[in-house]
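Note that the protein sequences, when read in sequence, are chains A and B.
Each step along the first sequence adds one to the number in the numbering used here, with nothing skipped, and position 30 is 44.
Each step along the second sequence adds one to the number in the numbering used here, with nothing skipped, and position 71 is 85.
2 protein chains.
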Amino acid sequence: MPGEFDFIRWIMSQWRGRAGERVIVPPGDDLAVLKWSGDDLLIVGVDQVLDGVHFDSAVHSPRDIGRKVMNRNLSDCAAMACLPAAAVATAALPKGASLDYAKELYLGMSDAGNAFDCPVVGGDTASWDGKLVLTLTILGRSAGIQPVTRAGAKAGDAIFVTGPLGGSILGRHMTFTPRVALAREIATIGISAMIDLSDGLSRDLRHICEQSGVGAIIEASRIPIHADVSRLATTSTTPLEHALHDGEDYELCFTSALDHSTRGTPIGTITAGDKLLVKHADNRLEELKPGGFEHSL
Amino acid sequence: MPGEFDFIRWIMSQWRGRAGERVIVPPGDDLAVLKWSGDDLLIVGVDQVLDGVHFDSAVHSPRDIGRKVMNRNLSDCAAMACLPAAAVATAALPKGASLDYAKELYLGMSDAGNAFDCPVVGGDTASWDGKLVLTLTILGRSAGIQPVTRAGAKAGDAIFVTGPLGGSILGRHMTFTPRVALAREIATIGISAMIDLSDGLSRDLRHICEQSGVGAIIEASRIPIHADVSRLATTSTTPLEHALHDGEDYELCFTSALDHSTRGTPIGTITAGDKLLVKHADNRLEELKPGGFEHSL
Numbered sequence: 015m016p017g018e019f020d021f022i023r024w025i026m027s028q029w030r031g032r033a034g035e036r037v038i039v040p041p042g043d044d045l046a047v048l049k050w051s052g053d054d055l056l057i058v059g060v061d062q063v064l065d066g067v068h069f070d071s072a073v074h075s076p077r078d079i080g081r082k083v084m085n086r087n088l089s090d091c092a093a094m095a096c097l098p099a100a101a102v103a104t105a106a107l108p109k110g111a112s113l114d115y116a117k118e119l120y121l122g123m124s125d126a127g128n129a130f131d132c133p134v135v136g137g138d139t140a141s142w143d144g145k146l147v148l149t150l151t152i153l154g155r156s157a158g159i160q161p162v163t164r165a166g167a168k169a170g171d172a173i174f175v176t177g178p179l180g181g182s183i184l185g186r187h188m189t190f191t192p193r194v195a196l197a198r199e200i201a202t203i204g205i206s207a208m209i210d211l212s213d214g215l216s217r218d219l220r221h222i223c224e225q226s227g228v229g230a231i232i233e234a235s236r237i238p239i240h241a242d243v244s245r246l247a248t249t250s251t252t253p254l255e256h257a258l259h260d261g262e263d264y265e266l267c268f269t270s271a272l273d274h275s276t277r278g279t280p281i282g283t284i285t286a287g288d289k290l291l292v293k294h295a296d297n298r299l300e301e302l303k304p305g306g307f308e309h310s311l
Numbered sequence: 015m016p017g018e019f020d021f022i023r024w025i026m027s028q029w030r031g032r033a034g035e036r037v038i039v040p041p042g043d044d045l046a047v048l049k050w051s052g053d054d055l056l057i058v059g060v061d062q063v064l065d066g067v068h069f070d071s072a073v074h075s076p077r078d079i080g081r082k083v084m085n086r087n088l089s090d091c092a093a094m095a096c097l098p099a100a101a102v103a104t105a106a107l108p109k110g111a112s113l114d115y116a117k118e119l120y121l122g123m124s125d126a127g128n129a130f131d132c133p134v135v136g137g138d139t140a141s142w143d144g145k146l147v148l149t150l151t152i153l154g155r156s157a158g159i160q161p162v163t164r165a166g167a168k169a170g171d172a173i174f175v176t177g178p179l180g181g182s183i184l185g186r187h188m189t190f191t192p193r194v195a196l197a198r199e200i201a202t203i204g205i206s207a208m209i210d211l212s213d214g215l216s217r218d219l220r221h222i223c224e225q226s227g228v229g230a231i232i233e234a235s236r237i238p239i240h241a242d243v244s245r246l247a248t249t250s251t252t253p254l255e256h257a258l259h260d261g262e263d264y265e266l267c268f269t270s271a272l273d274h275s276t277r278g279t280p281i282g283t284i285t286a287g288d289k290l291l292v293k294h295a296d297n298r299l300e301e302l303k304p305g306g307f308e309h310s311l
């Protein structure tokens with residue numbers, strides 16, 4: 015069944031050879047990078063949250079929903095190691111939503127943005143007979159640090175993650191803190207590729223490998239598993255599988271030839287070729303299949 | 015009943031006094047204007063189209079829907095007299111939409127954008143059990159022309175519109191051409207305020223007046239009425255009312271102390287005070303009430 019990533023691959027194919035002076039990083043990374051006038055590169059991307067997919071309006075407060083759409087975008091900024099600068103947003107509001115509800119959505123976005131000096135500078139609101147949709151577009155600045163893409167990982171680089179993974183569905187997917195400052199710090203020291211973990215490590219590491227033209231071996235025993243996983247009463251899924259596939263961790267996964275073990279947990283090594291493997295405690299190698307979240311079309 | 019414009023006014027009140035060095039034009043205009051590094055100002059805004067509100071997916075092709083969301087944003091660029099530079103977009107796709115349908119949406123956006131050298135450089139796709147939502151964020155450059163806001167109209171300025179109004183529901187709301195080149199031309203010559211006519215002249219001229227702190231008198235006999243209006247079989251609404259209130263004309267309304275009558279139709283005069291009036295052929299003055307489209311929350 016064709017899905018979201020087939021669509022993205024098709025869009026990337028439309029762009030092949032077209033990136034140039036103005037568009038430095040075209041569609042296919044966390045954010046696009048544009049040359050603007052002056053020294054600062056303009057980094058731009060957009061993300062949406064849909065009722066019933068990314069949040070549940072019957073459960074989550076409008077303030078938290080607003081925060082989430084901003085924080086997802088700030089996490090994309092982190093993935094490129096850029097500095098958030100401003101945002102614009104849309105709300106498609108169910109008919110009957112009150113003015114107070116709309117204000118809470120806005121305050122959620124602006125609260126989360128203001129924490130990173132990233133004001134909401136514009137937007138569009140409409141009401142309809144559908145469910146709530148929020149989108150937010152973020153503008154970032156390179157501000158002295160070359161944007162980090164998914165495409166620079168090299169065989170021999172170590173692979174790091176910035177925090178424990180899995181079980182975010184219990185609440186962390188609404189309340190995470192985007193790793194903007196840490197991303198700027200590690201990019202200044204030196205890294206080769208980076209992504210934020212929104213679709214699950216097994217999918218997101220694959221994005222790095224595909225765009226860098228490399229493979230990877232990760233060690234099962236080194237994957238940091240979040241305490242939330244133990245609270246998920248699942249019999250069919252192991253804790254490791256939750257950490258590999260759950261998604262919405264919003265930690266960073268990055269690669270580097272340098273030792274970043276004080277800033278992240280080393281979980282494996284980039285390899286030549288194109289295979290993604292998990293090495294278990296008994297040295298058994300297993301293919302790392304993408305088990306994370308993909309929107310099917 | 016509180017509506018979209020109450021919400022926008024509240025957001026504007028949140029910003030009062032906060033615009034500064036980085037945010038030159040805050041929320042409340044067609045687009046926001048940001049200071050970036052270098053000489054070029056960064057102009058940014060976002061617009062959305064919702065199934066059943068701005069288009070009907072049972073009637074309109076995905077190519078035309080994609081075109082519309084890009085062209086609405088290009089029309090906002092025209093309203094600020096800026097040069098479109100790049101766009102990012104989201105699609106919330108109904109479950110079961112095919113990959114081909116998604117491609118057609120993208121091609122509609124990119125076709126319309128490429129006509130103005132405005133590529134789609136990034137985006138986000140998700141599927142859900144709701145109806146189709148497209149959003150598009152546009153980035154423009156000042157490129158040597160100071161952005162034109164809604165706030166500069168002065169008593170004595172003439173009011174112009176760039177084309178005939180009314181009846182766009184018959185099809186023009188999907189097929190219009192944004193007035194980007196004309197906007198740049200008239201802004202170079204000299205204008206004081208501008209807006210694109212999306213909500214209807216009676217609402218959009220009010221936006222100029224409110225933000226400029228002025229009033230207006232327009233002459234009924236001078237309002238150019240589109241031929242489409244005569245095809246609307248309405249008994250309760252006059253052709254003039256259609257031209258004043260229908261909306262989605264995507265022509266420009268601008269004010270100037272100069273004579274722009276070769277580039278637009280003069281329809282009236284900006285006045286001191288805050289009254290918006292229509293002068294009828296028999297010299298009768300009538301208050302111009304906002305009859306255009308407002309989303310109720």
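Beta carbons are placed, not taken as given, at the ideal position from N, Cα and C, and that holds for glycine.
Note that the coordinates shown come from a computational prediction; the quantities given were computed from them, not determined experimentally.
- Item | Span separating the alpha-carbon of A/Met-15 from that of B/Ala-116 | Residue confidence for A/Met-15 is low, a pLDDT of 41 falling below 50, so the modelled location carries little weight; the figure read from the coordinates is stated next. Between A/Met-15 and B/Ala-116, the C-alpha separation is close to 14 angstroms.
- Query: When the cut-off is 7 angstroms and only beta carbons count, does B/Thr-279 lie next to chain A?
  - Reply: no
- Got a sec: is the Cβ-Cβ distance from B/Thr-163 to anything in chain A below 7 angstroms? no
- Item | Closer than 7 angstroms to chain A by CB, B/Gly-214 | no
- Cα-Cα separation, B/Ile-57 to B/Leu-153: 6 angstroms
- Message: Which same chain residues end up closer than 6 angstroms to A/Val-83 when comparing Cβ atoms and leaving out the 5 residues on each side of it in sequence?
- Response: Val-63, Leu-148, Leu-150
- Taking Cβ-Cβ distances below 7 angstroms as the criterion, which residues of the stretch 143-156 of chain B are in contact with chain A? Asp-143, Gly-144, Lys-145, Val-147, Thr-149, Thr-151, Leu-153
- With distances taken from CA atoms, which of A/Asp-143, A/Asp-78, A/Ser-156, A/Leu-113 is nearest A/Ser-124? A/Asp-78
- Between which two residues does the alpha helix (DSSP H) carrying B/Cys-91 extend? 76-94
- Check whether A/Pro-304 and A/Arg-198 have beta carbons under 7 angstroms apart: no
- Considering only the beta carbon of each residue, do A/Thr-269 and A/Ala-201 sit closer than 7 angstroms? no
- Figure out for me which residue from A/Arg-298, A/Ser-141, A/Leu-88, A/Asn-128 has the closest Cα to the Cα of A/Lys-109. A/Ser-141
- Contacts of B/Phe-21 in chain A (Cβ-Cβ under 7 angstroms): Leu-113, Ala-116, Thr-139
- Give the interface partners of B/Gly-66 over in chain A, defined as CB-CB distance under 9 angstroms, in chain order. Trp-142, Asp-143, Gly-144
- Query: Is there contact between the stretch 162-180 of chain A and the stretch 219-233 of chain A, where contact requires at least three CB pairs shorter than 8 angstroms?
  - Reply: yes
- DSSP three-state call for A/Gly-278: helix, strand or coil? coil
- Message: Which runs of the beta strand (DSSP E) at least 3 residues long sit entirely within the stretch 132-190 of chain B? Give them in chain order.
- Response: 134-142, 147-155, 172-175
- Residue-chain proximity (B/Glu-255, chain A), Cβ-Cβ < 7 angstroms: no
- Through-space distance from A/Ile-281 to A/Ser-112, alpha-carbon basis: 47 angstroms
- Message: If we define contact as Cβ-Cβ less than 7 angstroms, is A/Pro-41 a contact residue for chain B?
- Response: yes
- Message: Please report whether the beta-carbon of A/Gly-52 lies at a distance below 7 angstroms from any beta-carbon of chain B.
- Response: yes
- Going by beta carbon distance, what residues of the same chain come within less than 8 angstroms of A/Leu-121, once the five residues before and after it are set aside? Arg-77, Gly-80
- Query: What in chain B is Cβ-close to A/Leu-45, meaning under 8 angstroms?
  - Reply: Gly-136
- Give the interface partners of B/Leu-48 over in chain C, defined as CB-CB distance under 9 angstroms, in chain order. In the structure shown, chain C cannot be found, because the protein chains are A and B.
- For the stretch 86-96 of chain A and the stretch 43-51 of chain B, state whether three or more C-beta atom pairs, one from each stretch, are separated by less than 8 angstroms. no
- Every unbroken beta strand (DSSP E) within the stretch 95-136 of chain A, with a cutoff of 3 residues, ordered by chain: 97-108
- If we ignore side chains and look at the alpha-carbon of each, how far apart do A/Leu-266 and A/Met-208 end up? 7 angstroms
- Quick one: what's got a C-beta closer than 6 angstroms to A/Ile-222's C-beta in the same chain, skipping five residues either side? Arg-164, Ala-167, Ala-207, Ile-209
- Query: Going straight from the alpha carbon of B/Gly-181 to that of B/His-240, what length do you get?
  - Reply: 7 angstroms
- Counting only runs that start and end within the stretch 220-299 of chain A, where is the beta strand (DSSP E) found for 3 or more residues in a row? 229-233, 266-270, 279-285, 290-293
- Task: Examine chain A for any beta-carbon lying closer than 7 angstroms to the beta-carbon of B/Asp-78, and answer yes or no.
- Result: no
- Whose C-alpha, out of B/Asp-114, B/Leu-146, B/Leu-272, B/Val-67, is nearest the C-alpha of B/Thr-104? B/Leu-146
- Can you tell me the Cβ-Cβ gap for A/Leu-211 and A/Tyr-264, rounded? I've got them flagged as a contact below 8 angstroms. 6 angstroms
- Item | Closest by C-alpha distance to A/Lys-289, when choosing among A/Thr-279, A/Glu-300, A/Asp-296 | A/Glu-300
- Item | Own chain residues within Cβ distance below 8 angstroms of A/Leu-184, not counting five before or after | Asp-242, Arg-245, Leu-246
- Item | A/Ala-207 in three-state terms, based on DSSP | strand
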